[in-house]
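As structure tokens, the structure follows; a few thoughts come after it.
Protein chains: 2
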Amino acid sequence: MKIKKINHVAIAVSNIEEALSFWCDALGLEMDHIEKVTSQKARVAFLPVGDSEVELVQPTSDDSGTARFLRERGPGMHHLCFEVEDILDALKQLKAKGVRLINEKPLELEDRKMAFIHPKSTYGVLVELYQII
Amino acid sequence: MKIKKINHVAIAVSNIEEALSFWCDALGLEMDHIEKVTSQKARVAFLPVGDSEVELVQPTSDDSGTARFLRERGPGMHHLCFEVEDILDALKQLKAKGVRLINEKPLELEDRKMAFIHPKSTYGVLVELYQII
């Protein structure tokens, strides 16, 4: 399996506009855009940096994963996403190694296929895989 | 202030060799080397990926920041490090914006200057800055 790069680091926040006061105004990252990501029940601010992105994720529903994360742990790094060449091949190889997958089949969006790996198998990190299509 | 890229994402682990069974054997990242980082009271495995690195950080002392993190939250993403052109300028600008710094002056190692920003000011993320020298 070929991991190309870190696609993004996702940070769970209660309020994107407040968080931008640090991430953009103070730290100096630039915001590309804010988007409603229905599949994740969230609003997401995309902050490109180098060859990757920081994503600020604000839940739009109380029953989403990030909403639960915020209630249980407070704001902070939520998941780490790697870009792969071939996500079907990646998931097949991970399964063969006994890795627990949250999505056994990738979710397909317009511009990418994506799947999450369970933190029980990664030593505590929620890992996402992207294949850009 | 110019942020060049994500230098690394640091993951706190109890045991590097165990964690490598996921990060290298299953996910397929390559390990560059393992190093004892005295200033952090830790052993660190460096896994380059794209233009950044994943670092697995195993505390070597019970009174280190990562040891406390592991006790309180379990293994997981510990901090996010950005590379800047000029760390003195970066810290000066952050301070002027009212950002709380853990290190008001950078720590100087052989190959880099580094400083941490307090998670109270970043909306929950322990952020590190590096200037490579």
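So the sequence lines, in the order shown, correspond to chains A and B.
First residue of the first sequence? That's 1 in the working numbering, and the numbers climb one at a time after it.
First residue of the second sequence? That's 134 in the working numbering, and the numbers climb one at a time after it.
Just so it is clear, CB atoms sit at the ideal spot from N, CA and C, and this is done for glycine as well.
Own chain, CB closer than 6 Å to residue i, minus 5 neighbours either side, in chain order
i: A10(A); result: E55, V57, H78, H79
i: E168(B); result: V177
i: P48(A); result: D32
Sequence-distant residues of its chain with Cβ nearer than 7 Å to residue i (five each side left out)
i: S197(B); result: Q173, K174, A175
i: A19(A); result: V13, L56
i: S61(A); result: K41, A67
i: R245(B); result: Y263, Q264, I265, I266
i: K135(B); result: V217, E218
DSSP bridge partner residues for residue i (one or two, in chain order)
i: L240(B); result: M247(B)
i: I167(B); result: A178(B)
i: Y130(A); result: E83(A), M114(A)
i: I149(B); result: For I149(B), which the question treats as bridged, DSSP gives no partner whatsoever.
i: K5(A); result: E83(A)
i: S52(A); result: V49(A)
i: A143(B); result: E188(B), H212(B)
Within chain A, the residues that residue i reaches when beta carbons sit closer than 8 Å
i: K230(B); result: D25, A26
i: S267(B); result: Residue 267(B) lies beyond the residue range present for chain B, which begins at 134 and ends at 266; the question has no answer from this structure.
i: A152(B); result: Y123
Close beta carbons around residue i, own chain, < 8 Å, minus the five adjacent residues each side
i: S147(B); result: Q191, L203, P208
i: K4(A); result: F82, E83, V84, E85
i: I117(A); result: L94, V99, R100, L101, I102, L126, V127, E128, L129
Inter-residue spacing [alpha-carbon to alpha-carbon] between residue i and residue j
i: N236(B); j: T255(B); result: 15 Å
i: E108(A); j: C157(B); result: 26 Å
i: G183(B); j: Q226(B); result: 29 Å
i: A72(A); j: V125(A); result: Strictly speaking, residue 72(A) in this sequence is Glu, with Ala absent from that position. Computed Cα separation, rounded: 15 Å.
i: E150(B); j: L101(A); result: 22 Å
i: I220(B); j: M247(B); result: 8 Å
i: D89(A); j: K238(B); result: 47 Å
i: I265(B); j: K228(B); result: 21 Å
i: F46(A); j: H8(A); result: 9 Å
i: P252(B); j: S52(A); result: 21 Å
i: S21(A); j: V37(A); result: 22 Å
i: E30(A); j: E243(B); result: 31 Å
i: K230(B); j: L91(A); result: 44 Å
i: A26(A); j: I139(B); result: 17 Å
i: G161(B); j: G28(A); result: 33 Å
Amino acids of chain B, ordered along the chain, whose beta-carbon sits closer than 9 Å to that of residue i
i: V9(A); result: I139, V142, M210, L213, V258
i: S121(A); result: F155, A159
7 Å Cβ cut-off: residues of chain A touching residue i
i: I136(B); result: L27, G28, L29, V49
i: L227(B); result: A26
i: V146(B); result: Y123
Beta-carbon neighbours of residue i, restricted to chain B and to distances below 7 Å
i: A67(A); result: Here the premise fails: no neighbours, minimum Cβ distance about 15 Å.
i: V57(A); result: Per Cβ cutoff of 7 Å: no residues; V57(A) is ~11 Å from chain B at best.
Near the ligand GDP: residue i beta-carbon under 8 Å from a heavy atom
i: N103(A); result: With respect to small molecules bound, the structure shown includes none, and the ligand GDP cannot be examined in it.
Within chain B, the residues that residue i reaches when beta carbons sit closer than 8 Å
i: S148(A); result: Outside the displayed range of chain A (1 to 133) lies residue 148(A), so it cannot be described from this structure.
Cβ of residue i within 9 Å of any chain C Cβ
i: E104(A); result: The structure shown contains no chain C; the protein chains it does contain are A and B.
(Q) Quick check for students: name the residue ranges of the beta strand (DSSP E) that lie wholly in the stretch 187–245 of chain B, counting only runs of 3 or more. (A) 209–217
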